[in-house]
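Each protein sequence line maps, in turn, to chains A and V.
Each residue of the first sequence is one higher than the last, beginning at 0 in numbering that gives the first Met the number 0.
Each residue of the second sequence is one higher than the last, beginning at 0 in numbering that gives the first Met the number 0.
Built from N, CA and C at the ideal position, the CB exists for glycine as well.
These numbers come from a predicted model, not from an experiment.
Protein chains: 2
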Amino acid sequence: MKIAIIGGKGQMGKMFAEAFKKKGCEVILTGRRGNNIDAAKKADIIIVSVPIRETVKVIEEIASHIKEDALLTDFTSIKVKPMDAMKTAKCGILGGHPLFDSTVGFKSQNFILCPLKENNNSKWYRLFLKSLGLNIIELSAEEHDKNMAVIQGLTHISNISLGYALKKLGYNLDMGEKLSSPVYLLRLYTAGRILAQDEKLYSDIEMENPYSKETAKAYLEAVKEIESAVEKGSKSEFERIFTESRQYFGDKCKKARDLTGRVLNFMAKNK
Amino acid sequence: MKIAIIGGKGQMGKMFAEAFKKKGCEVILTGRRGNNIDAAKKADIIIVSVPIRETVKVIEEIASHIKEDALLTDFTSIKVKPMDAMKTAKCGILGGHPLFDSTVGFKSQNFILCPLKENNNSKWYRLFLKSLGLNIIELSAEEHDKNMAVIQGLTHISNISLGYALKKLGYNLDMGEKLSSPVYLLRLYTAGRILAQDEKLYSDIEMENPYSKETAKAYLEAVKEIESAVEKGSKSEFERIFTESRQYFGDKCKKARDLTGRVLNFMAKNK
Chain A
0 MKIAIIGGKG QMGKMFAEAF KKKGCEVILT GRRGNNIDAA KKADIIIVSV
50 PIRETVKVIE EIASHIKEDA LLTDFTSIKV KPMDAMKTAK CGILGGHPLF
100 DSTVGFKSQN FILCPLKENN NSKWYRLFLK SLGLNIIELS AEEHDKNMAV
150 IQGLTHISNI SLGYALKKLG YNLDMGEKLS SPVYLLRLYT AGRILAQDEK
200 LYSDIEMENP YSKETAKAYL EAVKEIESAV EKGSKSEFER IFTESRQYFG
250 DKCKKARDLT GRVLNFMAKN K
Chain V
0 MKIAIIGGKG QMGKMFAEAF KKKGCEVILT GRRGNNIDAA KKADIIIVSV
50 PIRETVKVIE EIASHIKEDA LLTDFTSIKV KPMDAMKTAK CGILGGHPLF
100 DSTVGFKSQN FILCPLKENN NSKWYRLFLK SLGLNIIELS AEEHDKNMAV
150 IQGLTHISNI SLGYALKKLG YNLDMGEKLS SPVYLLRLYT AGRILAQDEK
200 LYSDIEMENP YSKETAKAYL EAVKEIESAV EKGSKSEFER IFTESRQYFG
250 DKCKKARDLT GRVLNFMAKN K
């Protein structure tokens with residue numbers, strides 16, 4: 000089996016290349032100046048693993064050169080746009096999104112597949128992913144992006160807006176650390192973890208997902224209502240929002256208390 | 000030494016009552032139907048430990064009955080309003096805010112003191128708090144409330160608004176758990192931990208603090224700018240906000256990556 004990983008010199012590409020080689024596959028990696036078309040022509044499985052903003056362009060570059068019995072797949076955090084671009088290819092087509100990074104290994108990690116056109120190579124690839132111990136979840140491209148607009152998009156917006164609000168307030172973060180309660184510290188550092196990363200990756204995840212506008216709007220509406228309750232000094236409004244949200248969380252509140260209790264305990268012991 | 004803890008039948012009151020008794024003090028606890036005035040008349044140190052929304056009323060009830068050489072203090076999460084009410088008393092006055100709950104013990108926990116009028120009993124009380132292993136931080140009431148509007152207020156708003164936005168979206172939280180990345184799960188459960196608690200406590204912390212309007216407004220402005228960038232699809236706007244916030248966090252980004260890395264690792268091992 001011959002595997003081409005386009006953009007395969009990144010962390011994720013290297014990690015999968017090793018795994019393929021262990022199964023006896025031949026692996027072609029193309030980096031920034033690699034010959035993508037040449038790699039696509041030769042391979043039985045072609046994996047596009049380039050930055051999000053380059054994914055569609057790269058797919059358009061290689062699609063018509065892929066063998067009909069080969070498989071075209073990818074590692075992109077969004078699925079609607081890349082899979083629309085994949086549709087022009089005559090080969091097997093399977094969208095992919097590894098929900099983990101290269102630091103954690105494969106075992107029990109989530110991997111989303113968005114099936115479009117199956118063939119023998121797509122069947123082989125599924126078995127290969129399962130053999131790594133990955134937990135495969137199947138979704139349509141639309142379902143994937145709708146969920147990721149919340150899981151990634153909303154999580155990111157809530158973290159970035161906390162950091163940006165602190166900056167707007169000119170708040171003294173050193174004082175904050177000195178006076179902090181453990182929940183504040185966890186909240187601050189979760190925002191800091193996101194902000195420590197590549198702004199281009201996060202703007203791509205946000206902007207290339209067709210459903211992020213909807214989640215960003217819902218978040219703004221939620222914050223508007225809370226700010227308005229605070230501005231008016233309306234305890235009843237604030238408490239209504241609070242209890243409606245608690246009811247929505249339902250029995251996840253107990254789970255949340257248990258898990259974060261253990262996390263805060265761990266933090267206290269590992270300062 | 001005779002100590003009155005007004006509202007002392009709550010968790011925090013009971014915890015401190017035990018500690019006073021260990022030092023050989025006589026402790027008077029008054030609950031919902033206790034005689035606060037009677038307790039205030041007799042005691043050398045009077046600690047107000049009632050729900051935030053009742054604090055000012057209780058201080059007004061007892062202030063004129065306290066002995067001049069006694070100390071009036073409290074355990075309230077806000078300080079400007081309670082300490083304004085305390086000013087009418089002729090005794091020693093010291094605002095107090097324990098930054099921990101009764102589940103963690105005293106050792107190395109933060110305790111904020113806001114000094115107003117010192118006397119021998121206030122000196123004794125400081126030494127007593129230090130003897131418990133508490134870390135004493137001194138601030139003015141205004142500085143306290145400004146900091147808490149961020150550390151408590153902003154943290155709470157960002158958590159509640161995440162929960163409320165998920166409710167507005169009608170998002171399927173079970174699906175979210177199935178598909179989640181570890182950072183999403185930590186973010187979701189941190190919000191759930193806040194929502195699991197008493198809405199009245201959180202509306203008091205928000206509404207009785209004179210500086211929360213300012214922080215809530217800054218948060219709304221931050222979210223508005225981010226939502227507008229997403230709505231317009233402006234990657235450059237989004238990346239500007241992201242990098243400005245990162246610069247503001249400065250070397251706390253590295254700290255954030257390290258600490259949350261350990262937390263996520265702990266979560267992965269303790270599913």
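Between the alpha carbons of V/R239 and V/K223 lies a distance of about 14 Å.
Where A/V26 is concerned, the enclosing beta strand (DSSP E) starts and stops at E25 to T29. A residue is called buried when at least 16 other Cβ atoms come within 10 angstroms of its Cβ; V/A267 does not meet this threshold and is exposed. Assignment of V/F110 by DSSP, reduced to helix, strand and coil, places it in the strand class. Distances from the CA of V/S107 to each of A/K116, A/V55 and A/S179 were compared; the closest alpha carbon is that of A/S179. Listed in chain order, the beta strand (DSSP E) elements of length 3 or more contained wholly in the segment 34-99 of chain A are 44-47, 70-73 and 91-97. Contact between the segment 247-262 of chain A and the segment 198-214 of chain V is absent: fewer than three C-beta pairs spanning the two stretches fall below 8 Å. Residue environment: V/N119 is assigned as exposed (fewer than 16 neighbouring CB atoms within 10 Å of its CB, all protein chains considered).
Straight through space, the alpha carbons of A/A62 and A/L184 are spaced by roughly 48 Å. For V/G175, the number of other beta carbons within 10 angstroms of its own is at least 16, and it is reported as buried.
A/K129 and A/S101 have their C-alpha atoms spaced approximately 17 Å apart. One Cα belongs to V/L98, the other to V/I111, and the distance between them is close to 7 Å.
For the segment 211-225 of chain V, the set of residues with a beta-carbon nearer than 8 Å to any beta-carbon of chain A comprises S211, K212, E213, T214, A215, K216, A217, Y218, L219, E220, A221, V222, K223, E224 and I225, in chain order. For V/K8, there is no enclosing beta strand (DSSP E), since its DSSP letter is neither H nor E. V/I27 and V/A38 do touch by the CB rule: their CB atoms are close to 5 Å apart, below 8 Å. Distance between A/L126 and V/K234, taken at the CA atoms: about 38 Å. The DSSP assignment places complete alpha helix (DSSP H) segments of no fewer than 4 residues inside the segment 127-179 of chain A at 140-147, 154-168 and 172-178, in order along the chain. With contact defined as three or more Cβ pairs closer than 8 Å, the segment 243-250 of chain A and the segment 154-169 of chain V are in contact.
As the crow flies, the alpha-carbon of V/S211 is around 31 Å from that of V/G232.
Taking 8 Å as the upper bound on Cβ-Cβ separation, chain V lies near residues L98, F99, V103, N109 and I111 of the segment 88-114 of chain A. Contacts with chain V at 9 Å (Cβ-Cβ) include A/A195. Residue contact check for A/Q10 against chain V: no CB pair falls below 9 Å.
One thing to note: A/S157 has its Cβ within 9 Å of the Cβ of V/S157. In chain order, P181, V182 and L185 place their CB closer than 8 Å to the CB of V/L263, counting only its own chain and leaving out the 5 sequence neighbours on each side.
DSSP, read as helix, strand or coil, puts A/K116 in strand. With the rule of 3 Cβ pairs closer than 8 Å, the segment 53-60 of chain V does not count as touching the segment 9-21 of chain V.
Between A/K251 and V/L93, the C-beta gap is not smaller than 9 Å, which leaves the two residues out of contact. DSSP places A/D203 inside the alpha helix (DSSP H), whose first and last residues are E198 to M206.
Per the coordinates, the alpha-carbon of V/P81 lies some 41 Å from the alpha-carbon of V/F265. Our two residues, A/M0 and A/E25, have alpha carbons roughly 6 Å apart in a direct line.
For A/S101, there is no enclosing alpha helix (DSSP H), since its DSSP letter is neither H nor E.
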